Structure formats: structure tokens, C-alpha cells
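Using the numbering used here, the first residue of the sequence shown is number 2, and each one after it goes up by one. Note that beta-carbon positions come from the ideal geometry of N, C-alpha and C, so glycine has one too. Fair warning: this is a prediction, and the values are worked out from it, not measured in the lab. Report on the following structure.
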Amino acid sequence: PGYAESHYNIGITMAERGQVQQALQAYEKALQVCPRYAEAHNNMGVLHKSVNKLPEAIEAYRLALQANPNFQLAGQNLSLALSDMGTVVKGQGRLDQAIAFY
């Protein structure tokens, strides 16, 4: 139960099977053991984004970058999620707020 990498690998397997909730739970367990596990944060962001939970995805990517500021994939994922969020907000007619995401 205390092995972050084991939980992380279970998360990968669950995500590959399309079991988003189970994957998120596995990543959460990995993060309980190792809160600065950047890859687990990033993968949680990917899963959140895949089910259109952009605020949660953005937060996960930010946490990944806090854990590892040089994690380029998390930076790229954050940029894409922020852009997507800007598009959503723009579509809601809130142009001033949308600009902040771009």
C-alpha cells in the first residue's frame, strides 16, 4: 500500500482500459505516498481533460509543474488546457475572462 510507483502503474493500466475513476483513484493513492509525484499529477490532468473537467485538469498540471518545474509535457498540457478553457469561456460570451486563459 505504500508504494507510489505501484499505484501509479495501476493508474496507467486502468486508464488504458478506459476506467477513468479507477485510474484517478490509483493516482490519488500514489500521491498520498508521494505528494510531489509529478507524473501522477500530470496523468490525472490528462484524465480530467478527457472527461471535460478542465478546471481539475488545469490544477493537476499546475501541481505537476510545482513538483517538477522542468516537466515539459505538463507545461504543454497546461497550455492546451488553458487554451481550451479560454475557448469554453469565450463561447459563454465572457470575452474579458476568456482573454485571461489565452
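Close-in-space but distant-in-sequence residues of the same chain around residue i (CB under 6 Å, 5 per side omitted)
i   : result
A31 : A5, H8, Y9, Y38, A41
Q23 : M15
P70 : none
Cutoff 8 Å; reference residue i; Cβ partners in own chain excluding five residues on either side
i   : result
L66 : A39, F72, A75, G76, L79
A82 : G46, K50, L55, A58, I59, Y62
For residue j and residue i, believed in contact at Cβ under 8 Å, the rounded distance
i   : j   : result
Y62 : N43 : 6 Å
L55 : D85 : 6 Å
Neighbourhood of residue i by C-beta, 7 Å cutoff - its chain only, sequence neighbours within 5 removed
i   : result
V52 : V21
E57 : H49
E29 : none
Limits of the unbroken alpha helix (DSSP H) element including residue i
i   : result
K54 : K54 -> no alpha helix (DSSP H), and no H or E assigned at all.
N10 : 5-17
Y38 : Y38 -> no alpha helix (DSSP H), and no H or E assigned at all.
Min CB distance residue i to chain D below 8 Å
i   : result
N78 : You won't find chain D in this structure, because it holds only one protein chain.
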